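*Asks:* Below you'll find the structure I mean.
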Amino acid sequence: MNILVFIKQVPDTNEVKIDPVTKTLIREGVPSIINPDDKNALEEAIKIKEEYGAKVIVITMGPPQAETALREALAMGADEAYLLTDRVFAGADTYATAKTLAKMAKKFDYDIIFCGRQAIDGDTAQVGPQLAEQLNIPQVTYVKEVKIEGDTLIVKRALEEGYEVIKVKMPVLLTAIKELNTPRYPSIKGIFDAYREKEVKIVTAADLGVDPQEVGLKGSPTKVISTTTPETQRAGEIFTGNVKECVQNLVQRLVEKHVI
Amino acid sequence: MNEYKDIWVFAEQREQRLMNVSLEILGEARKLADKKGVKAYAVLVGYGVKGLADELIKYGADVVYVIDNPLLKNYTTEGYAKVIADLANEIKPEVILYGATYIGRDLAPRIASRLHTGLTADCTGLDIDENGLLLQIRPAFGGNLIATIICPERRPQMATVRPGVMKKAPKDEKRKGEIIEIQANIKEGDIRTQIFDIIKEAKSKVNIEEADIIVSGGRGVGGAEGFKLIQQLADALGGVVGASRAAVDAGWISSDHQVGQTGKTVRPKLYVACGISGAIQHIAGMGNAKTIVAINKNPDAPIFKVADYGIVGDLFKVVPALIEEIKRIKNNEMA
Numbered sequence: 001m002n003i004l005v006f007i008k009q010v011p012d013t014n015e016v017k018i019d020p021v022t023k024t025l026i027r028e029g030v031p032s033i034i035n036p037d038d039k040n041a042l043e044e045a046i047k048i049k050e051e052y053g054a055k056v057i058v059i060t061m062g063p064p065q066a067e068t069a070l071r072e073a074l075a076m077g078a079d080e081a082y083l084l085t086d087r088v089f090a091g092a093d094t095y096a097t098a099k100t101l102a103k104m105a106k107k108f109d110y111d112i113i114f115c116g117r118q119a120i121d122g123d124t125a126q127v128g129p130q131l132a133e134q135l136n137i138p139q140v141t142y143v144k145e146v147k148i149e150g151d152t153l154i155v156k157r158a159l160e161e162g163y164e165v166i167k168v169k170m171p172v173l174l175t176a177i178k179e180l181n182t183p184r185y186p187s188i189k190g191i192f193d194a195y196r197e198k199e200v201k202i203v204t205a206a207d208l209g210v211d212p213q214e215v216g217l218k219g220s221p222t223k224v225i226s227t228t229t230p231e232t233q234r235a236g237e238i239f240t241g242n243v244k245e246c247v248q249n250l251v252q253r254l255v256e257k258h259v260i
Numbered sequence: 261m262n263e264y265k266d267i268w269v270f271a272e273q274r275e276q277r278l279m280n281v282s283l284e285i286l287g288e289a290r291k292l293a294d295k296k297g298v299k300a301y302a303v304l305v306g307y308g309v310k311g312l313a314d315e316l317i318k319y320g321a322d323v324v325y326v327i328d329n330p331l332l333k334n335y336t337t338e339g340y341a342k343v344i345a346d347l348a349n350e351i352k353p354e355v356i357l358y359g360a361t362y363i364g365r366d367l368a369p370r371i372a373s374r375l376h377t378g379l380t381a382d383c384t385g386l387d388i389d390e391n392g393l394l395l396q397i398r399p400a401f402g403g404n405l406i407a408t409i410i411c412p413e414r415r416p417q418m419a420t421v422r423p424g425v426m427k428k429a430p431k432d433e434k435r436k437g438e439i440i441e442i443q444a445n446i447k448e449g450d451i452r453t454q455i456f457d458i459i460k461e462a463k464s465k466v467n468i469e470e471a472d473i474i475v476s477g478g479r480g481v482g483g484a485e486g487f488k489l490i491q492q493l494a495d496a497l498g499g500v501v502g503a504s505r506a507a508v509d510a511g512w513i514s515s516d517h518q519v520g521q522t523g524k525t526v527r528p529k530l531y532v533a534c535g536i537s538g539a540i541q542h543i544a545g546m547g548n549a550k551t552i553v554a555i556n557k558n559p560d561a562p563i564f565k566v567a568d569y570g571i572v573g574d575l576f577k578v579v580p581a582l583i584e585e586i587k588r589i590k591n592n593e594m595a
């Protein structure tokens, strides 16, 4: 069995700083991590490998420094790693990303494709379903449990209030949520192997055989035309000092305004 | 591209009941259609759902397409994607909007990929620009940035819309519209997933999205014990308890209380933020409250910038005093 896991390296958004003038991200000094949901996807693939035997192939698209995310995945237990990196891939929206990833997926004979539900930098949750469509395979998103029965998966898919139990034959694409499992920490041996024994293979647009017009910014149907920092300023009246007086003033205002 | 016109809304129903978000985006679609001078359509997919078409008209649809078929009884990605994509290929709408639910966010990207068009996730604002293009406005990077996105060259322009952000149009009992039944071109083999159970888990008792008054606690509340005080203030005001992501992540309160970019979007009449610093991701979820009160010991906390009224002080002193004062006022009213 072959399992492809698509991961993304993302800035840790709790630490994101925005340049107030250019309204863009300040990336310097911001730690990069494997996107959390993607780590759950990877963990599940490795668990399946341990239980049933499988080859786990981890793939990412990104700048050269995304190699560190792949090394971490190898250290956790992935068998092979591929980094799709090329200037023409830059600026891709979810459609162009899925199209590029689909080209890569087609190079393998896969049974399961795992993605995280969504990445914390974009929160779109779109690449997984778009990739499944490009490959013409079924998808199950928001996966919180996976069982294997022969060539079939029994999957629990979370809903707002409860979940569905879905039966689907492989090949299939699944997107993982954090309820699926707890990702492991790499072992010391795992880290050694990831850097000494295992290899991160670089894949360019030419290697993939994609038309540069169909990937990256050029191949993206959507365009970001502006970004701003949210502004919700109000002319607030702030009370300080004696607690009793503060509270009386506040309640008086709320009563005057018929709020309470 | 000129052949593409009108605005469609995917009218999501579950067990023959329309989702609230579908009526919210229908209200928005109505406004956008009026601005462009086109019609607003609702696309209703399911089995035994024809009866819901009237309600969609009363909430703003000019035309309702009904795709009714036993194979479409429960939502499946492939079943719903096929019938909607087929219809879109035939009729060519200029815009399709979906609620950003667990179903909408599964369906819309599948359709977008099939139609080779763009899709913007989780929009919090929509508008039409001077060229008639759909402006799709959404937060990014955990709400730290607000991006405006367009899809200039492909059609339809598609977006999912965050529940709780748009407003339903008032229900107009007299509104008239057209109902068109569409024959679903679908067979069992088109759907490769099989649902064999749908388990409902106890619906959360708190419904902060509908509450008029919310008292929220954040990191400053200090623990699960501190939330008892927040609950007491909520009780005194006749409201419900909300929370910031920090409080939920710390395990002090369950995630159905969470307000913010990764939680729920609320627009109560009164929002009281206790011990919440006011990270942008939190403000993204409550910035539209009518009146905002902040209680925080740090006078530089960003929450004070969005507050109508604030008290700088220790919430463990301020909140008990506030409860007492509110009770006093309410007792006076009754006397």
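Residue numbers (the numbering used here), protein chains in the order written: chain A, 1 to 260; chain B, 261 to 595.
Built from N, CA and C at the ideal position, the CB exists for glycine as well.
For clarity, every value in this text was computed on a predicted model and none was experimentally measured.
1. Find the residues of chain B that neighbour K263/A, judging by a C-beta separation of less than 8 Å, and give them in chain order.
2. Over the uninterrupted beta strand (DSSP E) stretch that includes F114/A, give me the two end residues.
3. According to DSSP, is T141/A helix, strand or coil?
4. Using the C-alpha atoms, what's the distance from L208/A back to E199/A?
5. Run through chain A and tell me which residues come within less than 8 Å of G403/B, C-beta to C-beta.
6. Taking only beta-carbon positions, decide if I3/A is within less than 7 Å of chain B.
7. What whole-angstrom Cβ distance do L386/B and A348/B have, given they're in contact under 8 Å?
8. Hey, I26/A and K39/A: beta-carbon distance below 7 Å or not?
9. Would you mind stating whether I490/B and G480/B have Cβ atoms separated by less than 7 Å?
10. If we ignore side chains and look at the alpha-carbon of each, how far apart do A321/B and K265/B end up?
11. Per DSSP, what kind of secondary structure is N40/A in: helix, strand or coil?
12. Please list the partners that C534/B has in chain A, where partner means a Cβ-to-Cβ separation under 8 Å.
13. Find out if the Cβ-Cβ distance for the pair C239/B, T222/A is shorter than 7 Å.
14. Secondary structure at C246/A, three-state DSSP: helix, strand or coil?
15. Taking the continuous beta strand (DSSP E) assigned at K156/A, which residues delimit it?
16. Starting from V526/B, follow its DSSP beta bridges and name the residues at the other end.
17. In three-state DSSP terms, what is K291/B?
18. Any beta carbon from chain B within less than 7 Å of L41/A's own beta carbon?
19. Expressed to the nearest angstrom, what Euclidean distance is found between the alpha-carbon atoms of I327/B and E585/B?
20. Touch check for the segment 137-148 of chain A and the segment 178-189 of chain A: three-plus C-beta pairs under 8 Å?
21. Apply the 10 Å Cβ neighbour rule to D196/A and answer buried if 16 or more other Cβ atoms are within range, or exposed otherwise.
22. Just verifying my parser: in three-state terms, what is the DSSP assignment at L83/A?
23. Could you tell me whether any Cβ in chain A is nearer than 7 Å to the Cβ of V500/B?
24. How about S504/B: is its C-beta nearer than 7 Å to some C-beta of chain A?
25. Along the chain, where does the alpha helix (DSSP H) that runs through I317/B open and close?
26. With a threshold of 6 Å on Cβ separation, who are the neighbours of M1/A within its own chain once the five nearest residues in sequence on each side are excluded?
27. G77/A: beta carbon under 6 Å from a heavy atom of the ligand MN?
28. For N35/A versus A119/A, is the C-beta distance shorter than 7 Å?
29. Please tell me whether F6/A has its Cβ less than 7 Å away from any Cβ of chain B.
30. Give me the residue from G339/B, L367/B, S515/B and N280/B with the minimum Cα distance to K428/B.
31. What separation, rounded to the nearest whole angstrom, lies between the Cα atoms of H545/B and V247/A?
32. Counting only the same chain and skipping the five closest in sequence on each side, list residues whose C-beta sits under 8 Å from that of A372/B.
33. Hey, does D377/B have any beta-carbon neighbour from chain A nearer than 7 Å?
34. Give a yes or no on whether the minimum CB-CB distance between L530/B and chain A is below 7 Å.
35. Closer than 7 Å, Cβ to any Cβ of chain A: which residues of the segment 571-583 of chain B, in chain order?
36. Please report the straight-line C-alpha distance between K431/B and G449/B, rounded to a whole angstrom.
*Replies:* Taking the coordinates as given:
1. One cannot answer for residue 263/A here, as it falls past the ends of chain A, which runs 1 to 260.
2. I112 to G116
3. strand
4. 19 Å
5. P230
6. no
7. Not really, about 18 Å apart at Cβ, beyond 8 Å.
8. no
9. no
10. 15 Å
11. helix
12. In chain order: nothing, as chain A lies at least about 13 Å away.
13. The structure shown does not extend to residue 239/B, since chain B is modelled only from 261 through 595, so no value can be given for it.
14. helix
15. T152 to L159
16. The partner list for V526/B (beta bridge, DSSP) is empty, contrary to what the question assumes.
17. helix
18. The sequence given here places Ala at residue 41/A; Leu does not occur at that position. Chain B, which has no Cβ nearer than 7 Å to the Cβ of A41/A, makes this no.
19. 57 Å
20. yes
21. Per the sequence presented here, residue 196/A reads as Arg, with Asp not at that position. Per the 10 Å Cβ criterion, exposed.
22. strand
23. no
24. no
25. A313 to K318
26. A54 and D111
27. Inclusion of the ligand MN in the displayed structure is not the case, the ligand content being empty and no account of it being possible.
28. yes
29. no
30. N280/B
31. Checking the displayed sequence, the identity of residue 545/B turns out to be Gly instead of His. Each residue's Cα considered, the two are about 26 Å apart.
32. G378, L379 and M418
33. Residue identity check: residue 377/B is Thr in the sequence provided, not Asp. Yes, contact with chain A.
34. yes
35. I571, V572, G573, K577, V578, A581 and L582
36. 40 Å
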